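These notes concern the structure reproduced below.
In my numbering, the protein residues as written are 13 to 415.
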């Protein structure tokens, strides 16, 4: 019997065939729901851990552990994904996110019975699995569902529409947390992830890819400029996704205000990202990457030295605008470059992104002991801003990601 027989029968009776025909559309719909769920919570998880009693040092070690274990996990996933199936791997990642939220929901009971370290291990383990499975499967699914000449515009849509749909999600999450509790926000996220899993369950299956992982191709010493670009991207990801929200918390910016900040920057990111992706298909990405790197780097530096809510909002929105230019144009270049050797090029990107992320955490640990948390976080944000600003120097000679 066909291993997809049961799925086909359920789809037949529910009459979903006309609704879910296109692989790209299926991925887009599930991404919208997933981002709605995760955007409400993920921004506030480090803050949540601090609020339940963990110090900044433990939060930094927690993040460092996630970065360390994600990389070998990605290698293992790529070796096995043809056996598991790309679509099923994506669905499993959603259920692991649900398990992640359940553990956060029952934090008091778990910490009481097993202790705080065991709780952090459980949270980190589930997060690593969910993130690793999702992004590896997502990259393969995306590349398999589009034409090479449409990569920029399609990436702009799949990066923009979910963000537009979830644009108020951090704000909604902050409202739920402030007026009710973190637990209510966890429950709402779980419901959205269940719906996303249901949609993806009936999508078309993705064909297997050629997997021939090679260490020399993964390290790729010949293309140093490309590798440096990935490292700088990794530094930027850690700065804006981990350091910046924590800095806002230590600056006593209220959760609901943090939600409002991300409301404006997400709108900017979504619309600029869509335009950026569409433009790179027609005109190349060289100028967009240079402008995006300079503007995004400057926004990080400026954010570190402002204190009023209006100025923070302005520079956060500036980061959304220029971050959209930089991220979508570089990522579209990555997907074009990856079409001929998906597995090795995904791993190449992950290796150097993680070097950047490792570096930010390694630099942050001693700073926590030498400076106050605020100055330690500001130092990393400024360093990442400077390196992002200088990214334009490395795109000049790179022909893999920038054209």
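Glycine is no exception: its CB is placed at the ideal position from the N, C-alpha and C atoms.
Quick caveat, the model's predicted, so the values are computed rather than measured.
Proximal residues to residue i (C-beta, below 8 Å), its chain only, five neighbours per side dropped
| i | result |
| --- | --- |
| residue 407 | 237, 241, 298, 301, 302, 305, 413 and 414 |
| residue 211 | 32, 38, 41, 42 and 45 |
| residue 230 | 356, 359, 360 and 363 |
| residue 16 | For residue 16, the predicted model reports a pLDDT of 39, less than 50, meaning its position is unreliable; a value from the coordinates is still stated below. Same-chain partners within the cutoff: 217. |
| residue 114 | 198 and 202 |
| residue 249 | 365, 368 and 369 |
Under 8 Å between C-beta atoms of residue i and residue j
| i | j | result |
| --- | --- | --- |
| residue 111 | residue 145 | no |
| residue 201 | residue 365 | no |
| residue 4 | residue 390 | No information on residue 4 is available, as it lies outside the stretch 13 to 415 that the chain covers here. |
| residue 79 | residue 373 | yes |
| residue 289 | residue 371 | no |
| residue 225 | residue 58 | no |
| residue 221 | residue 152 | yes |
| residue 167 | residue 347 | yes |
| residue 396 | residue 251 | yes |
| residue 134 | residue 123 | no |
| residue 107 | residue 119 | no |
| residue 75 | residue 261 | no |
| residue 117 | residue 198 | yes |
| residue 380 | residue 69 | yes |
| residue 71 | residue 61 | yes |
| residue 162 | residue 293 | yes |
| residue 286 | residue 169 | yes |
| residue 416 | residue 342 | Only positions 13 to 415 of the chain appear in this structure, which leaves residue 416 out of reach. |
Counted within 10 angstroms of its Cβ, other Cβ atoms place residue i as buried (16 or more) or exposed
| i | result |
| --- | --- |
| residue 332 | buried |
| residue 67 | exposed |
| residue 383 | exposed |
| residue 99 | buried |
| residue 368 | buried |
| residue 92 | exposed |
| residue 386 | exposed |
| residue 10 | As shown, the chain starts at 13 and ends at 415. That puts residue 10 outside it, with no answer to give. |
| residue 320 | exposed |
| residue 274 | buried |
| residue 403 | buried |
| residue 35 | buried |
| residue 228 | exposed |
| residue 322 | exposed |
| residue 129 | exposed |
| residue 377 | exposed |
| residue 405 | exposed |
| residue 65 | exposed |
| residue 295 | exposed |
| residue 164 | buried |
| residue 95 | exposed |
| residue 127 | exposed |
| residue 158 | buried |
| residue 401 | buried |
Beta-carbon proximity list for residue i, same chain, < 6 Å, skipping 5 on both sides
| i | result |
| --- | --- |
| residue 399 | 244 and 247 |
| residue 19 | For residue 19, the pLDDT reaches just 38, beneath the cut-off of 50, and the residue's location in the model is therefore unreliable, although a value from the coordinates is still provided. So no residue of the chain qualifies. |
| residue 394 | 313 and 316 |
| residue 105 | 142, 145 and 146 |
| residue 291 | none |
| residue 266 | none |
Other residues of its chain near residue i: CB distance less than 7 Å, five sequence neighbours each side excluded
| i | result |
| --- | --- |
| residue 318 | 324 and 327 |
| residue 338 | 301, 304, 305 and 308 |
| residue 21 | The predicted model places residue 21 with a pLDDT of 38, which falls under 50 and marks its position as unreliable, so this point remains unresolved. |
| residue 86 | 144, 148, 359 and 362 |
| residue 97 | 217 |
| residue 277 | 328, 329, 331 and 332 |
| residue 232 | 239 and 360 |
| residue 388 | 376, 379 and 380 |
| residue 136 | 74, 77 and 78 |
| residue 340 | 167, 168, 171, 285, 288 and 289 |
| residue 311 | 327, 330, 331 and 334 |
Can you give, in chain order, each stretch of the alpha helix (DSSP H) that sits fully within the stretch 341–394 and has at least 4 residues? As far as the stretch 341–394 is concerned, its whole alpha helix (DSSP H) runs of at least 4 residues are 354–382.
Quick one: complete beta strand (DSSP E) runs, 3+ long, within the stretch 290–342? For the stretch 290–342, not a single whole beta strand (DSSP E) run of length 3 or above is found.
What are the uninterrupted segments assigned as alpha helix (DSSP H) that are 4 or more residues long and contained completely in the stretch 200–271, given in chain order? Counting whole runs of 4 or more residues, the stretch 200–271 contains the alpha helix (DSSP H) stretches 227–231, 236–250 and 256–262.
Ranges of the alpha helix (DSSP H) found wholly within the stretch 59–129, counting only runs of at least 4: Taken in chain order, the unbroken stretches of alpha helix (DSSP H) that lie wholly in the stretch 59–129 and span 4 residues or more are 68–96, 98–117 and 119–126.
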